[in-house]
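**Q** One structure coming up, written as structure tokens, with questions to follow.
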Amino acid sequence: IICITDAAVTCGTNEYVERCGRPFSCQPTCAEPNRTVACSMFICARGCECNKGYVRMTEQDEDNPCIEITQCPGQIINK
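Here UniProt numbering is used: the first residue of the sequence shown is 1, the next is one more, and so on.
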């Protein structure tokens, strides 16, 4: 039997706890702020997601901070 516990999740700055979070490979990043990766085939788990207006710098790991999209390196934002 495999049990998935509902362990406490502590999120970083500019993040919130999502009860059914997306894996990091599905979250918006500086490189892909409007990411539309098909992520319907993942196990739902508590996790951290970026607040509105923020994206992950990269998708590499969970220690990746959420930054304002306007702070992305080399990003040109049309206002």
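Note that beta-carbon positions come from the ideal geometry of N, C-alpha and C, so glycine has one too.
Model, not experiment: these values are computed from the prediction.
Locate the beta strand (DSSP E) running through R46, then write down its first and last residues.
**A** A45 to C50
**Q** Tell me whether the beta-carbon of G74 lies closer than 9 Å to the beta-carbon of C48.
**A** With respect to C48, G74 sits apart: the two C-beta atoms are not nearer than 9 Å.
**Q** Any idea if C66 is buried or exposed, counting beta-carbon neighbours within 10 angstroms, 16 or more meaning buried?
**A** buried
**Q** Determine the DSSP secondary structure at T70, reduced to helix, strand or coil.
**A** helix
**Q** What's the gap between the Cα of K79 and the Cα of T70?
**A** Because K79 sits at a pLDDT of 46, beneath the cut-off of 50, its placement in the model cannot be relied upon, and the point is left open.
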